[in-house]
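Residue numbers (UniProt numbering): 1 to 100. Here is the structure we will look at.
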Amino acid sequence: MTTPLTLTPGVRPDGAALLTAAGEIDMSNTAALEAALESTPGPVVLDLTSVEYLDSAGLSVLFAHADHITLIANPLLTPVLTISGLADIATVHDGDLDAR
Numbered sequence: 001m002t003t004p005l006t007l008t009p010g011v012r013p014d015g016a017a018l019l020t021a022a023g024e025i026d027m028s029n030t031a032a033l034e035a036a037l038e039s040t041p042g043p044v045v046l047d048l049t050s051v052e053y054l055d056s057a058g059l060s061v062l063f064a065h066a067d068h069i070t071l072i073a074n075p076l077l078t079p080v081l082t083i084s085g086l087a088d089i090a091t092v093h094d095g096d097l098d099a100r
């Protein structure tokens, strides 16, 4: 069974690619996240403010793309991104409106 995850591509006002995720990211749907990140050219802002759960499989996808993603995280995910070390190699912003 695949956990619900919605990935919506877009463009920020500054022209940067935006990928908005909503739902849960786990081993059942990381292939969709991987495909979305790989198909988005250039640096990507990944908005995770509507993600309620992120497991180690999801983290591994984010680590694989850390060199070209900027993450916008909600307060639930920020500690996970920090403790995992992802915040040390990718830019992570708190989910405030200015970062989106």
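Even for Gly, the Cβ is constructed at its ideal location relative to N, Cα and C.
Of the residues L59, G85, A66, the one whose Cα lies closest to the Cα of M27 is L59. Check the Cα spacing between L77 and each of A32, P43, L54: the tightest is with L54. Around the beta carbon of D94, a 10 Å sphere encloses fewer than 16 other beta carbons of the protein chains shown; the residue is thus reported as exposed. Separation of G15 and A32 (C-alpha to C-alpha, rounded to the nearest whole angstrom) is 23 Å. Of the other Cβ atoms in all chains shown, 16 or more fall within 10 Å of the Cβ of T49; this residue is therefore buried.
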